[in-house]
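Written out below as structure tokens is the structure these notes cover.
Numbering (my numbering), first residue to last: 1459 to 1710.
Okay, structure coming up:
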């Protein structure tokens, strides 16, 4: 026991040496250039040159998740997997047809309403954030949108995007569906007027008459440029997206 007591102090001293060594190490330096600088400058431009406001809503996605799973089973042989993000891209595209002020940009003294609905989707790869675009996402079918999303996402993650893949976006969806994040505040992708952020799908309590039941929910966060539109129209757009996700057969 005496030997053990004598051995303890050196061990403690050795443990104390590690933080000291770390404190003496010089800081590392990462060059701020290339894609990292481009992303940073665009986000700074977004934060300082627009009047951004964010609206958030917790949305029931039970039916959307159920349909995504069912369609994935149906289309799996074709390599098509449906996610909440894919359904949200389609929902935003259809809602933008009804609320075109969110599908716009401010150019000088004029608000330009875009004639096409081209939805960008934020994708993270090893080189940083990229936003490939799904063109005319309000047209065709849900399956066509999901396939287009898969194709541009695969190219983005392989860092094989073409210039036309990232051009012409009119609205952006940023999804953290596969993470542990409930909600976040997305920054507008300039010169667009709005962006939708999607948090993770989680279980949440809800009332079914007098009973408390479990449901699947996700938080949608819409950031919009208050110079282009106001809170009430933006809220109606967000409500419409939530309605479409609650009745996902309308997305087909």
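Glycine residues also receive a C-beta, built at the ideal position from the N, C-alpha and C atoms. Please read all numbers here as calculations on a predicted model, not as lab measurements.
- With a contact defined as Cβ atoms closer than 8 Å, residue 1503 and residue 1644 miss out at about 15 Å.
- Taking a 10 Å sphere around the C-beta of residue 1657, we find 16 or more other C-beta atoms and assign the residue as buried.
- Residue burial annotation: residue 1510 is buried, with at least 16 other C-beta atoms found within 10 angstroms of its C-beta.
- Distance from the CA of residue 1527 to the CA of residue 1549, rounded to the nearest whole angstrom, comes to 17 Å.
- Under the three-state reduction of DSSP output, residue 1662 falls in the strand class.
- DSSP assignment within the region 1507-1595 yields the following whole beta strand (DSSP E) runs of 3 residues or more, N-terminal first: 1510-1518, 1562-1565, 1568-1571, 1577-1579, 1581-1583 and 1586-1588.
- Between residue 1517 and residue 1703, the CB-CB gap stays under 8 Å.
- About 4 Å separates the Cβ atoms of residue 1675 and residue 1662, confirming a contact at the 8 Å cut-off.
- C-alpha of residue 1556 to C-alpha of residue 1634: approximately 26 Å in a straight line.
- The alpha-carbon of residue 1546 is positioned some 25 Å away from that of residue 1564.
- Inter-residue distance for residue 1587 and residue 1667 is about 44 Å (C-alpha atoms, whole angstroms).
- When the beta-carbon positions are compared, residue 1631 and residue 1579 come within less than 8 Å of each other.
- Note: residue 1653 is bridge-paired with 1630 and 1681 in the DSSP secondary-structure output.
- Less than 8 Å divides the Cβ of residue 1611 from the Cβ of residue 1581.
- Distance from the CA atom of residue 1600 to the CA atom of residue 1606, rounded to whole angstroms, is 10 Å.
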